[in-house]
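One structure below.
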Amino acid sequence: KQALFTPAMLNMLKSPPIDNQYATQLLGYDPEISWQASLLSTLEYYKNQTLNKDLSQPVQALDI
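Read in the numbering used here, the sequence shown has 109 at position 38, and its numbers run on one by one without any break.
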């Protein structure tokens, strides 16, 4: 079975928030929180999907 998420992903989610006030002022959002929200959204999407999907492989480009 393939793991749905990697240990690095889990460590990132468990890590304390980083103070990105300067980046937040420049970008208008906190990139750390945005990254975590994106990862959580991805995990939620795959939660009910088949566990046979290999998330480590890139999606093949369309042959147009």
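Just so it is clear, CB atoms sit at the ideal spot from N, CA and C, and this is done for glycine as well.
**Prompt:** In three-state terms, what does DSSP make of T113?
**Reply:** helix
Can you tell me where the alpha helix (DSSP H) with T95 in it begins and where it stops? 92-98
- [ ] Take F76 and list the residues in its own chain whose beta-carbon comes closer than 7 Å to its own, dropping the five residues that flank it on each side.
- [x] L114
Cβ shell of P78 (< 7 Å), same chain only, five flanking positions each side left out:
none
- Task: For L84, I'd like the list of residues in its chain whose CB is within less than 8 Å of its CB, leaving aside the five on either flank, ordered along the chain.
- Result: Q107, L110, L111
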